[in-house]
Amino acid sequence: MQHLVDTTNLNRLQIDYILNDAKEFKIKKPIALLRDKLLITLFFESSTRTRSSFEVAAKRLGASVVHLDPSRSSTNKGETLEDTFANLCAMEPDGVIIRHEENTIPQQLAQMQLTSVINAGAGNDTHPTQALLDLFTIKEHFGDIKGKKIAIVGDIISSRVAHSNIRLLERMGMEITLVAPPSFMPQSNLPQVENLEEIIDKIDVIMSLRAQLERHATPVFENYDEYAKKYCITTELLGDRDILVLHPGPVMRNIDISDAILDDKRCKVLEQVQNGVYIRMAVLKLLFLDS
Ligand code: CP
338 MQHLVDTTNL
348 NRLQIDYILN
358 DAKEFKIKKP
368 IALLRDKLLI
378 TLFFESSTRT
388 RSSFEVAAKR
398 LGASVVHLDP
408 SRSSTNKGET
418 LEDTFANLCA
428 MEPDGVIIRH
438 EENTIPQQLA
448 QMQLTSVINA
458 GAGNDTHPTQ
468 ALLDLFTIKE
478 HFGDIKGKKI
488 AIVGDIISSR
498 VAHSNIRLLE
508 RMGMEITLVA
518 PPSFMPQSNL
528 PQVENLEEII
538 DKIDVIMSLR
548 AQLERHATPV
558 FENYDEYAKK
568 YCITTELLGD
578 RDILVLHPGP
588 VMRNIDISDA
598 ILDDKRCKVL
608 EQVQNGVYIR
618 MAVLKLLFLD
628 S
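Take any residue in the sequence shown, count from 1 to its spot, add 337: that is its number in my numbering.
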């Protein structure tokens, strides 16, 4: 039984497999490779992209998908998460795709060894398929990414996208600089700056992140318009530089990225979403057919 809790579960060969399969799926829609498989999606936090992307990916491969809405499940009646999971597993799915606000939940459920567990985002630490789709999008643009320089900008400390990408992109040879105000900067050995302008001439990619207000115990900034003056990715900031702009979504328009840059061909936000389906198809194939 294979799980995907973090990209650290994958060796280099498996990462290359996923990237190659995603590339092939993008060129030619595959046959129903997973037609006898059943997946359950269980999202304890809101999601637009990841949940629908997993469901589209599974259905494109011919799998069946059942969604359990935790807000209408018996967790409301006091059932523990482990019991809910065990009851779902008694229906013999091939995998459960889970999002949860706590960092350790996917690993805890994986250790129960009842079904394959696929992490669709946990706490502020892991979001493996987002990191894989970001890697795919960067490689699609540059080919060889070794030595390419990326600035991760925004609420890094709260971001599972940032932490997953830091682990994966560093491993793949990219050079990462963290750009954030002190309150959004995590403990890290990576280079850190407070102003993106300091490094704008040296970078190939910007990964902009949303301020994750829902994870702040108390408001960090009174006024996000002031924050945006320093951290919003704008036409004035980019000029005509050849810099790829990524964002995992949801984007806070004109705080994270300006309207004009969202319409600029350097901005790959919707390509990331498109690539997410192919990456998740490749992940499902790896977990259910190739292992
Ligand atoms: N990128 C991402 O995780 O988006 P959702 O929260 O909409 O799934």
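Ideal Cβ placement from N, Cα and C applies to all residues, glycine included.
Treat the numbers as computed from the prediction; the structure is a model and nothing was measured.
Item to check | Those runs of the beta strand (DSSP E) which lie wholly inside the stretch 558–594 and span at least 3 residues | outcome: 581–583
Checklist entry - Between the stretch 579–590 and the stretch 357–377, do three or more beta carbon pairs fall short of 8 Å? => result no
Next on the checklist: Distance check for Leu405 and Asp431, CA to CA, integer angstroms please.
Outcome noted: 15 Å
Checklist entry - By how many angstroms is the C-alpha of Asp538 removed from the C-alpha of Val393? => result 39 Å
Next on the checklist: Below 6 Å, is the gap between the Cβ of Thr378 and the nearest heavy atom of ligand 1?
Outcome noted: no
Checklist entry - Just the Cα atoms here: how many angstroms apart are Asp577 and Thr463? => result 34 Å
Item to check | For Val403, the three-state DSSP class (helix, strand or coil) | outcome: strand
Item to check | Beta-carbon proximity check, Ile634 vs Phe473, cutoff 7 Å | outcome: Lying outside 338 to 628, the shown extent of the chain, residue 634 is not represented and no answer is given.
Checklist entry - Beta-carbon separation of Tyr561 and Gly491 under 7 Å? => result no
Next on the checklist: Given this structure, state the Cα-to-Cα distance separating Glu507 from Leu425, to the nearest angstrom.
Outcome noted: 37 Å
Item to check | Three CB pairs or more closer than 8 Å across the stretch 452–467 and the stretch 532–546 | outcome: no
Item to check | Of the listed residues Thr452, Arg497, Phe521, Gly458, nearest to Phe625 (C-alpha basis) | outcome: Thr452
Checklist entry - Got a sec? Which residues, its chain only, sit under 6 Å from Phe380 by beta carbon, not counting five neighbours each side? => result Arg388, Arg436
Next on the checklist: So, for Pro528: in the same chain, excluding its five sequence neighbours on each side, which residues have a beta-carbon less than 6 Å away from its beta-carbon?
Outcome noted: Thr514
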